[in-house]
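In my numbering, the protein residues as written are 391 to 457. Even glycine gets a Cβ: it sits at the ideal position worked out from N, Cα and C. Computed from a predicted model, the values in this text were never measured in an experiment. Data first, discussion second: the structure below is written as structure tokens.
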Amino acid sequence: MRTLYDVQQLLEKYGVLVHVGKRIWDIELMALELDRVYQAGLLDKKTYLLAKMVLTHEYELELHSGK
391 MRTLYDVQQL
401 LEKYGVLVHV
411 GKRIWDIELM
421 ALELDRVYQA
431 GLLDKKTYLL
441 AKMVLTHEYE
451 LELHSGK
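Next up, the structure:
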């Protein structure tokens with residue numbers, strides 16, 4: 391798992407579709423939904439942490455891009 395698209399695909403496997411309109415908002419919502427999927431016991435810890443790392447990285451890129 392390396393890209394935001396990979397995380398989107400992972401969440402879609404669990405019926406979670408995210409499109410708020412602004413990329414940074416999408417990332418924030420994906421992080422919340424990822425937490426919920428993990429807390430429900432549907433993801434292993436390694437997959438969860440990889441996805442969180444991708445989301446954190448993408449969030450930082452958005453913050454520094456100034457959009």
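Measuring CA to CA, which of the options is closest to residue i?
i: residue 459; options: 453, 448, 454 and 456; result: Residue 459 lies beyond the range of the chain shown here (391 to 457); nothing can be said about it.
i: residue 428; options: 403, 413, 414 and 452; result: 403
i: residue 417; options: 450, 456 and 426; result: 450
Quick one, are the C-beta atoms of residue i and residue j less than 9 Å apart?
i: residue 410; j: residue 400; result: no
i: residue 394; j: residue 453; result: no
Kindly list the residues whose CB is nearer than 6 Å to the CB of residue i, restricted to its own chain and excluding five residues on each side of it in sequence; keep chain order.
i: residue 424; result: 441
i: residue 406; result: 423
Ordered along the chain, which non-local residues of its own chain (more than five positions away) have a Cβ less than 8 Å from that of residue i?
i: residue 439; result: none
i: residue 408; result: 398, 401, 416, 419, 420 and 423
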